[in-house]
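Below is one structure, written out as structure tokens; comments come after it.
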Amino acid sequence: MSLNPQFSGFEEASPAFSYDPAMPLTNFLSLYQSTPAQRVRLIREGVPASDLKNVIRLMDSSQDKVLGYLRVPTATVNRKAKRDEDLSAEDSERAIGLSHLIGQVQTMVQQSGNPEGFDAAKWLARWLEEPLPALGGECPATYLDTMEGQRLISNLLAQMQSGAYA
Numbered sequence: 015m016s017l018n019p020q021f022s023g024f025e026e027a028s029p030a031f032s033y034d035p036a037m038p039l040t041n042f043l044s045l046y047q048s049t050p051a052q053r054v055r056l057i058r059e060g061v062p063a064s065d066l067k068n069v070i071r072l073m074d075s076s077q078d079k080v081l082g083y084l085r086v087p088t089a090t091v092n093r094k095a096k097r098d099e100d101l102s103a104e105d106s107e108r109a110i111g112l113s114h115l116i117g118q119v120q121t122m123v124q125q126s127g128n129p130e131g132f133d134a135a136k137w138l139a140r141w142l143e144e145p146l147p148a149l150g151g152e153c154p155a156t157y158l159d160t161m162e163g164q165r166l167i168s169n170l171l172a173q174m175q176s177g178a179y180a
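In our numbering, each residue carries its 1-based index in the sequence shown increased by 14.
The following block contains the structure:
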């Protein structure tokens with residue numbers, strides 16, 4: 015079996031794509047529309063801790079609560095933000111995943127109708143804390159600490175949009 019090197023099944027990411035302060039974690043649509051390879055590059059480089067704090071602020075949520083769901087130590091985020099340092103790759107991955115989910119909600123609303131006045135970050139923050147029958151009565155927020163859990167949340171959101179939500 016030979017592999018065709020011209021087609022790998024994956025989108026090529028621009029080699030120039032890297033963390034851009036002009037496109038922080040709060041640029042939810044750009045992050046959602048980025049390729050997996052681009053997000054992997056961001057994860058490996060690390061994102062500024064202050065960007066995660068800004069996402070949480072836009073969600074209008076408690077920092078301790080959101081960081082607890084992500085299993086990212088609050089003291090670490092605060093210390094790194096104060097020193098203008100990046101998060102570890104593991105913490106960056108969870109932070110990017112959270113922003114990706116907000117971008118998904120924002121995209122869904124834009125595709126479904128009039129997004130005017132809709133705040134995807136605040137909506138997601140509230141929805142994450144609602145018990146869901148599809149999760150056996152658990153809140154989606156309890157799944158934020160792993161990428162598989164974030165993928166599950168993403169699938170539930172997609173099912174809501176398509177009407178296949180169970």
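For each residue, glycine too, the CB sits at the ideal point set by N, CA and C.
On a predicted model such as this, the values are computed, not experimentally measured, just so you know.
| Query | Result |
| --- | --- |
| I believe residue 209 touches residue 171 by the beta-carbon criterion, under 8 Å. Please report the beta-carbon distance rounded to the nearest angstrom. | Coverage of the chain is limited to positions 15 through 180, which leaves residue 209 absent and any answer about it impossible. |
| In the DSSP assignment, what residue or residues form a beta bridge with residue 62? | 100 |
| First and last residue of the alpha helix (DSSP H) that includes residue 44? | 42-47 |
| Of all the alpha helix (DSSP H) runs that stay within the bounds of the segment 128-171, which reach a length of 4 or more residues? | 134-142 |
| Among 38, 112, 71, 103, whose alpha-carbon lies nearest the alpha-carbon of residue 157? | 112 |
| My assumption, with CB atoms under 8 Å, is that residue 108 sits in contact with residue 84. Please give the rounded CB distance. | 5 Å |
| By the 10 Å Cβ neighbour count, where 16 or more other Cβ atoms means buried, how is residue 127 classified, buried or exposed? | exposed |
| Which class does residue 105 belong to by DSSP, given the choice of helix, strand or coil? | helix |
| Shortest alpha-carbon distance to residue 104 belongs to which of 53, 176, 147? | 53 |
| So what does DSSP say about residue 55, is it helix, strand or coil? | helix |
| By the 10 Å Cβ neighbour count, where 16 or more other Cβ atoms means buried, how is residue 161 classified, buried or exposed? | exposed |
| In the DSSP assignment, find the unbroken alpha helix (DSSP H) run with residue 39 in it and report its ends. | That residue, residue 39, is in no alpha helix (DSSP H); it is neither H nor E in DSSP. |
| Apart from the five residues on each side of it in sequence, which residues of its chain come closer than 7 Å, Cβ to Cβ, to residue 60? | 100, 101, 102, 103, 106 |
| Out of 142, 64, 166, 124, which has the shortest C-alpha to C-alpha gap to residue 75? | 142 |
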